[in-house]
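**Student:** Let me give you the structure first, and then I'll get to my questions.
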Amino acid sequence: MATPSAIPINAQRDTFARLHRMTRGNRSLWYQMTVLQQPERARACGSGMKANSDRRPVDPPPVVELRIIEGPSVEEGKDVTFDYNANFFLYASLEHARPIAHGRVQTPAANNPPILTGVPASGMAYLDRPTEAGYFIFPDLSVRHEGRYRLTFSLFETTKEEKDFDHEPADGDLPPGVDFRMEIKTLPFSVYSAKKFPGLMESTQLSKTVADQGCRVRIRRDVRMRKRDGKTGGGGGGGS
């Protein structure tokens, strides 16, 4: 088997990915990455003077799970996520969800890359719930312009022990000891103008679960939905 190799494993292959690699010490490692919490909506923060102070994060905050399994196969292997000696971080980038059709006249907006603001990188948190695994949480991502988008998450690893290094040299564009592993994408989500934004949703159970374990996630106990007359319903969201 090629090392490493990315294997699509289900219908929503972009939101669930698996990678296999053999290390210098002949360890057979399987990496499984899943988007557990999909972004659904956001309010465009614009690009003016108030953009940074009035950012509205993507809702709900994306959560990605990583598991590392050692063995000849995933089914026969042992979960070593908590024991494997390495550092991981996940980097988020943004792309348009609806590519311009071939031959169609593009508008200036279509030629401009989507702009993601906030904190696009997340280190891995080792959590016991909802299940024992590594988690990447993105509570501070905002999008400047309205439209339909997808997030791409790229996984990087800093390997600490020589026996766990790759057989082949690392990508020359990366710092020594840092390797790109794999990437996954979210499902498409909508970014609205301030006038059209339907409002924030109540925090999900997953957001509450990771927040209870010390992760920085704002929790809303109520639902703030925009009424037809343009006003918002519900009281002030209880952030924590």
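Each residue of the sequence shown is one higher than the last, beginning at 1 in the UniProt record's numbering. Glycine is no exception: its CB is placed at the ideal position from the N, C-alpha and C atoms.
Quick one: Cα of residue 127 to Cα of residue 83, how far?
**Tutor:** 13 Å
**Student:** Could you work out which residue in 56, 153 and 75 is closest to residue 38 when comparing CA atoms only?
**Tutor:** 153
**Student:** Should residue 174 be labelled buried (16 or more other beta-carbon atoms within 10 Å of its own) or exposed?
**Tutor:** exposed
**Student:** Over the uninterrupted alpha helix (DSSP H) stretch that includes residue 36, give me the two end residues.
**Tutor:** No alpha helix (DSSP H) holds residue 36; the beta strand (DSSP E) holding it covers 28-37.
**Student:** If you reduce the DSSP assignment to three classes, tell me which class residue 187 lands in.
**Tutor:** coil
**Student:** So, using beta-carbon positions, are residue 58 and residue 143 closer together than 9 Å?
**Tutor:** yes
**Student:** Please work out which residues of its chain come closer than 7 Å, Cβ to Cβ, to residue 182, disregarding the five sequence neighbours upstream and downstream, and give them in chain order.
**Tutor:** So the qualifying residues of the chain are 6, 17, 19, 31, 33 and 155.
**Student:** Can you check whether the CB of residue 187 is closer than 9 Å to the CB of residue 15?
**Tutor:** Residue 187 sits close to residue 15, with the two beta carbons spaced by under 9 Å.
**Student:** Going by beta-carbon coordinates alone, are residue 124 and residue 88 separated by less than 9 Å?
**Tutor:** yes
**Student:** List the whole-angstrom C-beta distance separating residue 203 from residue 148, where the pair is believed to meet the contact cut-off of C-beta under 8 Å.
**Tutor:** With a Cβ gap of about 24 Å, residue 203 and residue 148 do not count as contacting.
**Student:** Which first and last residues belong to the alpha helix (DSSP H) in which residue 206 is found?
**Tutor:** 205-212
**Student:** Thinking just about the alpha-carbon of each residue, which of 196, 195, 145 and 139 is nearest to the one in residue 207?
**Tutor:** If you compare the alpha carbons of 196, 195, 145 and 139 with that of residue 207, the shortest gap goes to 139.
**Student:** In this structure, how does DSSP classify residue 81 when only helix, strand and coil are distinguished?
**Tutor:** Correct three-state label for residue 81: coil.
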